[in-house]
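Numbering (the numbering used here), first residue to last: 10 to 129.
We put the beta carbon where it would ideally sit given N, CA and C, even for glycine.
Model, not experiment: these values are computed from the prediction.
Notes follow the structure.
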Amino acid sequence: MPHQDPVERRVVVTGPPRRTRRASGYYRPRTEIDEQTTLGDTYVRSLMRSQLRAGLTVFAVLGLLIGPLPLLFAAMPDARRVEWAVLGFGVYAPLVLLARWYVRRAERNERDFVRLVEDR
Numbered sequence: 010m011p012h013q014d015p016v017e018r019r020v021v022v023t024g025p026p027r028r029t030r031r032a033s034g035y036y037r038p039r040t041e042i043d044e045q046t047t048l049g050d051t052y053v054r055s056l057m058r059s060q061l062r063a064g065l066t067v068f069a070v071l072g073l074l075i076g077p078l079p080l081l082f083a084a085m086p087d088a089r090r091v092e093w094a095v096l097g098f099g100v101y102a103p104l105v106l107l108a109r110w111y112v113r114r115a116e117r118n119e120r121d122f123v124r125l126v127e128d129r
């Protein structure tokens with residue numbers, strides 16, 4: 010004859026809830042970021058990646074612009090005035106333009122990130 014269990018017991022576990030379920034359709038990226046979930050981490054890494062991409066772009070353009078200058082100066086013997094003119098005036102304008110582009114790009118990345126987090 011098979012053994013029958015007496016009445017099944019229920020076990021009640023008490024403690025703070027680990028996570029509440031979201032209502033369907035409820036989505037808050039800010040909450041994901043604050044709770045440091047995988048999705049929130051993905052949002053923050055996306056912002057950091059876009060800021061890094063802008064910085065590396067500026068660095069690469071700057072390297073291509075200024076990197077060949079020593080070779081150019083070595084090819085022109087006795088051209089001290091030209092060197093100072095190029096370094097003092099010729100490089101200044103591209104540096105300012107690169108800086109302006111970088112600041113605008115970084116601000117736009119941050120605006121897009123805030124728009125993503127705040128709206129939805």
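Since residue i contacts residue j with CB under 8 Å, what's their CB separation in whole angstroms?
i	j	result
Y111	V67	5 Å
V126	I42	7 Å
R115	Q60	This sequence places Ala at residue 115; Arg is not what is there. 6 Å between Cβ atoms; contact.
L73	N118	With 8 Å as the limit, L73 and N118 do not qualify as a contact, their Cβ atoms being about 23 Å apart.
L107	V70	6 Å
By a C-beta neighbour count over all protein chains shown, 10 Å radius and 16 as the cutoff for buried, is residue i buried or exposed?
i	result
F122	buried
So, with DSSP's three-state summary, where would you put residue i?
i	result
D87	coil
Q60	helix
E41	helix
E119	helix
T23	coil
V100	coil
T66	helix
P77	coil
Looking at residue j and residue i, is the spacing between their C-beta atoms short of 8 Å?
i	j	result
L80	V95	no
Answer yes or no: the CB of residue i versus the heavy atoms of the ligand ADP, is any distance below 7 Å?
i	result
W110	The ligand ADP is not among the ligands present in this structure, which contains no ligands whatsoever.
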